[in-house]
């Protein structure tokens with residue numbers, strides 16, 4: 080059913096985006112058309128990646144999921160960087176981290192918890208993820224912020240580059256750890272191994288074709304989307320920060336949000352948590368550092384420097400999530416707590 | 080025995096407070112009389128609430144305890160707000176958080192731990208409380224502080240109001256979770272259900288009468304107490320901050336301190352921890368946001384903005400408590416660690 | 080084998096240090112000779128302390144280890160303080176904390192984890208240590224930093240003295256807890272008691288003689304070592320901060336680094352963790368506060384005030400370590416995460 084809606088959205092949205100762009104429709108209308116079309120295309124990219132991952136087997140498949148899982152955000156961000164919107168990129172990645180950690184996980188815990196009194200997920204994965212969240216946000220994001228206070232721009236950029244390389248290497252090492260050296264080592268007992276036998280939705284060729292076409296379409300739309308931000312902001316009285324942190328982040332992650340919540344509702348919390356926190360880690364340890372390195376080829380380079388508000392919002396969200404998820408259990412109230420934190424951040428960024 | 084002392088203190092203290100106020104005794108003498116009388120009255124209010132809670136059954140009773148448990152602090156704070164002492168109110172609520180988290184829990188762990196080598200409490204409750212502590216202090220108190228750096232006063236106040244409403248709603252949701260949807264779900268095995276059969280100390284009518292009279296008396300004395308702060312501070316060389324953080328907080332919580340320690344000494348750690356951390360949460364998620372909203376009707380409104388010293392003191396205390404309490408066990412050394420942290424904060428606020 | 084190398088290094092290094100000092104060799108050469116000689120002497124001091132500890136029995140032995148374990152750092156720091164290098168002392172103690180927490184523990188986890196898939200250590204000790212790390216760094220180091228923002232120098236020093244006394248007292252209480260009241264209470268099952276029967280390497284007299292001679296030699300060399308920092312920094316373009324945080328810290332802890340890794344490789348993770356985290360706590364709760372108190376007798380007193388970069392580096396390292404170690408398990412990836420954090424800090428302090 081959802082798939083049919085996304086198909087409809089795609090086949091209406093893509094032509095509409097092209098026509099609207101060429102005919103210079105109102106930026107507000109274009110903004111809405113672009114956003115909805117990207118959400119639909121993102122779902123196609125997700126399904127294509129999923130199919131390829133199943134065909135490729137668990138190891139290469141895990142790698143594929145881990146690199147293409149946030150391709151939409153990467154594409155939007157590259158075009159925003161090209162347009163010199165460094166602040167918007169950092170804001171949208173902050174929003175992606177907050178959205179996945181607080182909104183996606185929060186909704187999963189809450190909605191799953193309304194149906195099931197106590198839900199459990201793999202406690203070893205939860206702790207592994209906690210360590211990575213701490214590393215990425217508390218170390219890799221906090222250190223440049225504090226050290227940059229006494230550094231000039233060149234040194235700050237050097238530090239950013241160094242940290243970005245380390246983040247990417249550690250992200251790859253984490254994949255190696257999970258997919259190769261410690262595959263199945265931390266399996267919890269109740270975890271079925273049935274999901275290995277999944278059938279891919281599409282054949283290899285079809286999946287690659289869809290992935291390629293959708294990527295090009297997302298790229299085309301993203302390039303124009305980023306130019307609407309200024310006008311949308313002015314019209315609604317939204318700051319660029321709010322657009323980045325809340326709007327872009329929700330558009331870029333809508334598909335993941337949906338599937339995590341569906342999984343929680345089926346009591347498959349391992350998968351729901353994996354989507355929410357795995358996606359956070361992917362943004363923090365892969366998308367963001369890759370963008371820092373890509374930005375070196377553009378006019379305005381992007382150091383790993385968030386605003387204090389963005390940084391503290393991420394730090395406090397990570398600390399909250401680590402404390403809440405560390406026991407491998409969830410309930411509706413824990414979900415509500417995460418959602419309440421998201422609303423507080425939302426109000427904060429709206430007023431900023 | 081303690082009850083007799085408090086009775087004596089009440090029947091001497093209340094008339095003395097009235098006479099002293101009318102006859103304009105020295106502010107130092109009045110300050111001492113007021114403080115001791117409020118401590119005694121607070122114990123009456125606590126016992127009356129307890130009786131009503133037993134009569135009303137566990138659900139309504141839990142709600143009663145959760146709303147009237149810190150009534151004394153609420154009353155003192157309202158009169159301090161009315162007198163424009165916004166700084167003193169924030170300081171005394173900070174002090175209440177620090178006092179409950181470090182002093183009450185510290186003394187409970189320490190004194191209980193001297194008698195018993197290892198003491199245990201419900202680890203599920205401990206984790207539930209950890210999540211709430213993180214939410215209240217690390218999210219709800221930290222965010223306005225950091226966002227206010229780039230906001231004007233109006234926006235800061237809007238943010239404070241929004242966060243206060245969310246805090247109160249989440250506090251009510253937490254009660255709903257504990258008393259309705261997940262009542263008994265996280266029971267530990269060794270927990271007896273015997274304490275359900277408790278007899279109320281006073282009948283419903285008597286309890287309501289005592290609660291009403293004590294509340295009026297506390298209100299009358301609080302109104303005059305807050306006006307002595309300035310003179311007491313000058314005389315002893317104490318800053319208003321120190322008076323708020325240490326003195327008012329101890330006066331407002333003396334009764335709870337006593338009963339938590341008694342419970343720890345009886346090895347009823349579940350109750351001791353519930354008093355210490357439950358009381359912290361009540362101040363942070365109910366008393367404080369209610370005061371923010373009430374302050375809107377007074378001349379000087381109170382945004383949710385602590386001084387950096389107050390904020391960091393609370394943040395670091397919460398982090399320490401979460402790490403120490405998360406295993407559901409305590410011993411004398413953990414108690415001493417909390418007490419040492421309290422002494423450090425005390426010295427800091429004294430010197431400030 | 081290692082012992083033979085250290086013997087050689089000592090018997091060549093000590094005369095060379097004396098001759099070089101008298102003949103005013105190049106500061107760069109002297110710096111290298113001093114550093115290598117101190118590393119060798121530190122290993123003698125460690126072995127002598129170990130022998131004395133075995134002779135003295137577990138209680139007094141534990142006390143000996145806990146007070147003389149970081150004697151080299153204490154000696155270097157005293158001479159640096161005497162030379163007025165307050166900043167270098169704070170930097171080298173920061174480096175010692177970071178080095179033990181991230182480098183030593185990281186290498187132990189990583190190298191041990193390459194040989195063994197999952198390594199375990201006493202989870203009770205890990206939690207006990209987590210509480211102390213939080214207390215020392217998050218409370219005792221953070222509070223003076225934040226309170227000093229609104230304090231004059233005299234008050235900052237008073238606060239530093241107060242906190243130092245509390246740190247030392249709590250450190251002694253922790254020893255009392257571990258060696259007396261709760262000795263063996265939190266023993267894990269698989270822990271053998273065989274290591275009680277260890278034979279001391281040296282007799283009591285020989286150990287005391289070696290300890291005394293090595294201490295004098297370390298003192299002599301340290302006094303001259305601290306005067307080479309300025310020139311070495313200029314030559315290599317290193318800041319005093321980098322020399323303190325990275326170079327001095329590695330020199331002062333080389334012996335511990337080696338033995339922790341050897342223990343991890345033998346799957347004796349309890350000992351490896353004890354060396355890494357125990358040494359961190361000793362620096363933070365004993366060496367540092369003792370130096371604050373000693374500095375009062377020198378021209379330039381040392382308040383407990385780190386730079387913001389040093390403080391945040393320690394705070395984030397402690398939070399990372401607490402989250403990683405709290406489950407009493409390790410693997411190569413957790414080790415790599417700690418090492419990655421150390422490299423990030425290293426780059427940061429190098430560029431600063």
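Chains as they are written, first to last, in the numbering used here: chain A, 80 to 431; chain B, 80 to 431; chain C, 80 to 431.
C-beta: ideal position from N, C-alpha, C; glycine also.
Keep in mind the model is a prediction, meaning the values are calculated, not measured.
Taking the straight line between their C-alpha atoms, what separation do you get for residue i and residue j?
i              : j              : result
residue 218(C) : residue 225(C) : 11 angstroms
residue 85(A)  : residue 427(A) : 32 angstroms
residue 245(B) : residue 153(B) : 19 angstroms
residue 205(C) : residue 306(B) : 49 angstroms
residue 377(A) : residue 424(C) : 28 angstroms
residue 278(C) : residue 150(C) : 23 angstroms
residue 272(C) : residue 198(B) : Confidence in residue 272(C) is poor, its pLDDT being 47 and thus under 50, which makes the residue's placement too unreliable to answer from.
residue 289(C) : residue 326(C) : 26 angstroms
residue 295(C) : residue 185(C) : 32 angstroms
residue 56(C)  : residue 309(C) : This structure gives no information on residue 56(C), because the portion of chain C shown stretches from 80 to 431.
residue 97(A)  : residue 379(A) : 28 angstroms
residue 348(B) : residue 132(A) : 51 angstroms
residue 431(C) : residue 317(C) : 9 angstroms
residue 419(B) : residue 82(B)  : 30 angstroms
residue 207(B) : residue 374(A) : 43 angstroms
residue 255(C) : residue 88(B)  : 41 angstroms
residue 104(B) : residue 303(B) : 12 angstroms
Taking the beta carbon of residue i as the centre, do at least 16 other beta carbons fall within 10 Å, making it buried, or is it exposed?
i              : result
residue 368(C) : buried
residue 200(A) : buried
residue 387(B) : exposed
residue 282(B) : exposed
residue 80(B)  : exposed
residue 270(A) : Residue confidence for residue 270(A) is low, a pLDDT of 49 falling below 50, so the modelled location carries little weight and cannot support an answer.
residue 411(C) : buried
residue 323(A) : buried
residue 264(A) : exposed
residue 175(C) : buried
residue 416(A) : buried
List the residues of chain B that residue i touches, going by C-beta distances under 7 angstroms, in chain order.
i              : result
residue 220(A) : What residue 220(A) touches in chain B: nothing, since even the nearest Cβ is about 14 angstroms away.
residue 209(C) : 402
residue 407(C) : Here the premise fails: no neighbours, minimum Cβ distance about 11 angstroms.
residue 422(A) : 245
Below 9 angstroms on C-beta distance, what does residue i contact in chain A?
i              : result
residue 229(B) : 386, 387, 388, 431
residue 419(C) : 214, 218, 219, 245, 246, 248, 249, 252
Starting from residue i, find everything on chain A with Cβ-Cβ shorter than 7 angstroms and list it in chain order.
i              : result
residue 225(B) : 387, 388, 391
residue 412(C) : 252, 253, 256
residue 426(C) : 238, 241
Would you mind telling me which residues of chain B sit closer than 8 angstroms to residue i, beta carbon to beta carbon, in chain order?
i              : result
residue 130(C) : Those within 8 angstroms of residue 130(C) in chain B number zero; the least Cβ separation is about 29 angstroms.
residue 357(C) : The contacting residues do not exist; residue 357(C) stays about 15 angstroms from chain B at best.
So with CB distances below 8 angstroms, who are the chain A contacts of residue i?
i              : result
residue 376(C) : Within 8 angstroms Cβ-Cβ: nothing; residue 376(C) doesn't reach chain A, min ~31 angstroms.
So which residues on chain B does residue i lean against when the C-beta distance must stay under 9 angstroms?
i              : result
residue 153(C) : None at all; the shortest Cβ gap to chain B is about 22 angstroms.
Anything in chain C within Cβ reach of residue i, meaning under 9 angstroms, just list it in chain order.
i              : result
residue 380(A) : Residues of chain C passing the Cβ test: none, with the nearest at roughly 16 angstroms.
What in chain C is Cβ-close to residue i, meaning under 7 angstroms?
i              : result
residue 237(A) : 430
Just checking, does the segment 400-408 of chain B make contact with the segment 230-237 of chain C on the three C-beta pairs under 8 angstroms criterion?
No: fewer than three Cβ pairs fall under 8 angstroms.
The segment 243-265 of chain B: positions lying closer than 9 angstroms to chain A by Cβ:
245, 246, 248, 249, 252, 253, 255, 256, 257, 260, 261, 264, 265
With a threshold of 8 angstroms, are at least 3 pairs of Cβ atoms found where one atom belongs to the segment 112-129 of chain B and the other to the segment 83-103 of chain B?
yes
Between the segment 139-147 of chain A and the segment 177-187 of chain A, can you find at least three pairs of beta-carbon atoms closer than 8 angstroms?
Output reads no: the segment 139-147 of chain A does not touch the segment 177-187 of chain A.
For the segment 359-366 of chain A against the segment 334-341 of chain A, are there 3 or more C-beta pairs whose distance is under 8 angstroms?
no
What residues from the segment 190-210 of chain B come within 8 angstroms of chain C, judged by C-beta to C-beta, listed N to C?
196, 197
Of the residues that make up the segment 280-302 of chain C, which ones have a beta carbon closer than 9 angstroms to any beta carbon in chain B?
none
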